[in-house]
Amino acid sequence: MRWVWIDRVLELETGRRLVAIKHVSLSEDHIHDHFVAEPERSLRAMPVMPASLIIEGMAQSGGILVGHANQFREKVVLAKVSKVELEREAGPGHTLKYTAEIERMDESGASVNGTVELIDHTAGGKPQRIGRIDLIFSHIDKNMSGMGFPEHNFVFSETFRTLLQTSGIQVDF
Amino acid sequence: MTRDEIYSKVQEVLIDALGVDDDEVTADARLTKDLGAESIDFLDITFKLEQEFDFKIGQGELFPDNAASNPDFIKDGKLTPEGLTAIKEKLPHVDFSKLESDPQISRIAETFTVDALVSFVERKLQTANA
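One line per chain: the protein sequences are A and B, in this order.
Residues 1085 to 1257, numbered by the numbering used here, are exactly what the first sequence covers, in order.
Residues 5 to 134, numbered by the numbering used here, are exactly what the second sequence covers, in order.
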């Protein structure tokens, strides 16, 4: 099983840009633990999407963008989180919009600049920029350490295929 | 562009890529041992130098790609004399003199200093302007 942190890909420009969304829901388990109420300190529960999972959402958006650029032939893995700035929390009912853009790409990997926007449906629903996430992806078969990996592409699995198909993107992997 | 100007830009690249302080990025600082660079940081540094200086860096041009995994160049975990000659020719911006006495593969990364990056950029810009 793989935990997918994107609900739909809205736009995909090959080798350039991908836009995806994620609806934050109160039915997701993780949000109930982050943060739980602390009655002894008179603190109510404050369910918010953990920043680490927002980073994962951007990593999946960027990873698909980078993988798609080479028809998913490369095993694309997140190698470095270069920069993260998040200025506002996302809670239940909000939608996160991830825009990932390839900055540089070569045989060994790619650098991706990401913008995170938040759509608050109770406040007009206009996307508001809440941060940036810059990432480096490695094509692990071409990594410099010379390590070997399984031949089949374990990165782009059935779950990603389903996500892309439901987003109307034809894939062949 | 003078060597000092190049040095200053390379310093900015390393501060950004490795999250180090400017006083740590001295000319003889080693990227791995002193500045904490890991293998993926080399890709990050390559991308950032390309962007900063507006040139393209080919695979194996700045850092070694397959020299360290070429069986003809390695024996018992060390570079053979042929391997050392090959890597010197391929990477003229790097001072391999400290590697000569004990050319272990694992020590190759230690030869990459801030100065080596500055020399690489200097050579690259000279070639572009020639």
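Even glycine gets a Cβ: it sits at the ideal position worked out from N, Cα and C.
Quick check on the DSSP output: the beta strand (DSSP E) that includes residue i runs from which residue to which?
i: Phe1221 (chain A); result: Gln1212 to His1223
i: Met1133 (chain A); result: No beta strand (DSSP E) holds Met1133 (chain A); DSSP gives it neither H nor E.
i: Arg1188 (chain A); result: Thr1179 to Met1189
i: Val118 (chain B); result: Careful: Val118 (chain B) lies outside any beta strand (DSSP E), inside the alpha helix (DSSP H) at Val118 to Asn133.
i: Thr1199 (chain A); result: Gly1193 to Ile1203
i: Leu1094 (chain A); result: Arg1092 to Glu1097
i: His1114 (chain A); result: Looking at the DSSP string, His1114 (chain A) is not in any beta strand (DSSP E), and its letter there is neither H nor E.
i: Ala1104 (chain A); result: Arg1101 to His1107
From residue i to residue j, what does the alpha carbon distance come to, in whole angstroms?
i: Arg111 (chain B); j: Lys102 (chain B); result: 10 Å
i: Asp25 (chain B); j: Asp32 (chain B); result: 15 Å
i: Arg1125 (chain A); j: Phe1156 (chain A); result: 50 Å
i: Phe51 (chain B); j: Ser1195 (chain A); result: 8 Å
i: Val1200 (chain A); j: Tyr1182 (chain A); result: 5 Å
i: His1178 (chain A); j: Glu1185 (chain A); result: 23 Å
i: Ile10 (chain B); j: Glu126 (chain B); result: 7 Å
i: Asp80 (chain B); j: Val1165 (chain A); result: 36 Å
i: Gln1170 (chain A); j: Ala1135 (chain A); result: It should be pointed out that residue 1170 (chain A) corresponds to Leu in this sequence rather than to Gln. Their backbone Cα atoms lie some 8 Å apart in a straight line.
i: Thr89 (chain B); j: Ala1104 (chain A); result: 50 Å
i: Glu1187 (chain A); j: Leu1102 (chain A); result: 12 Å
i: Ser1251 (chain A); j: Phe1240 (chain A); result: 15 Å
i: Met1130 (chain A); j: Leu121 (chain B); result: 48 Å
Buried or exposed for residue i, please, with buried defined as at least 16 other CB atoms from any protein chain shown within 10 angstroms of its CB.
i: Trp1089 (chain A); result: buried
i: Met1085 (chain A); result: Note that Met1085 (chain A) scores 46 on pLDDT, short of 50, meaning its location in the model is unreliable and no value can be drawn from it.
i: His1114 (chain A); result: exposed
i: Phe59 (chain B); result: exposed
i: Val1093 (chain A); result: buried
i: Asp117 (chain B); result: Here residue 117 (chain B) is Thr; the residue named in the question, Asp, does not match the sequence. Counting Cβ neighbours within 10 Å, Thr117 (chain B) comes out buried, since at least 16 surround it.
i: Asp141 (chain B); result: Past the boundaries of the shown model lies residue 141 (chain B); chain B is included only from 5 to 134, so the question cannot be answered.
Start and end of the alpha helix (DSSP H) containing residue i?
i: Glu1242 (chain A); result: Glu1242 to Thr1250
i: Lys102 (chain B); result: Ser101 to Glu104
Requested in this report: Name, going along the chain, the residues of the stretch 38–67 of chain B whose beta-carbon falls closer than 9 Å to a beta-carbon of chain A.
Outcome: Residues of the stretch 38–67 of chain B whose Cβ lies closer than 9 Å to any Cβ of chain A, in chain order: Glu42, Ser43, Ile44, Asp45, Phe46, Leu47, Asp48, Thr50, Phe51, Lys52, Glu54, Gln55, Lys60, Ile61, Gly62, Gln63 and Phe67.
Report task. Residues of the stretch 1161–1191 of chain A with a CB closer than 8 Å to any CB of chain B: list them in chain order, please. Result -> For the stretch 1161–1191 of chain A, residues whose beta-carbon sits nearer than 8 Å to a beta-carbon of chain B comprise Ala1163, Lys1164, Ser1166, Glu1187, Arg1188, Asp1190 and Glu1191.
Requested in this report: Check each residue of the stretch 1209–1222 of chain A: if its Cβ is closer than 8 Å to any Cβ of chain B, include it; give the result in chain order.
Outcome: Listed by position along the chain: Ile1220 and Ser1222.
Query raised in the report: At which residue ranges does the stretch 14–92 of chain B contain complete beta strand (DSSP E) runs of 3 or more residues, listed in the order of the chain?
Result: Whole beta strand (DSSP E) segments, 3+ residues: zero.
Query raised in the report: Along the stretch 1144–1158 of chain A, what residues have a CB closer than 7 Å to any CB found in chain B?
Result: Residues of the stretch 1144–1158 of chain A with a C-beta less than 7 Å from any C-beta of chain B: none at all.
Requested in this report: Enumerate, from N- to C-terminal direction, the unbroken alpha helix (DSSP H) stretches of 4 or more residues contained entirely within the stretch 1132–1175 of chain A.
Outcome: If you keep only unbroken alpha helix (DSSP H) runs of at least 4 residues inside the stretch 1132–1175 of chain A, you get 1135–1153.
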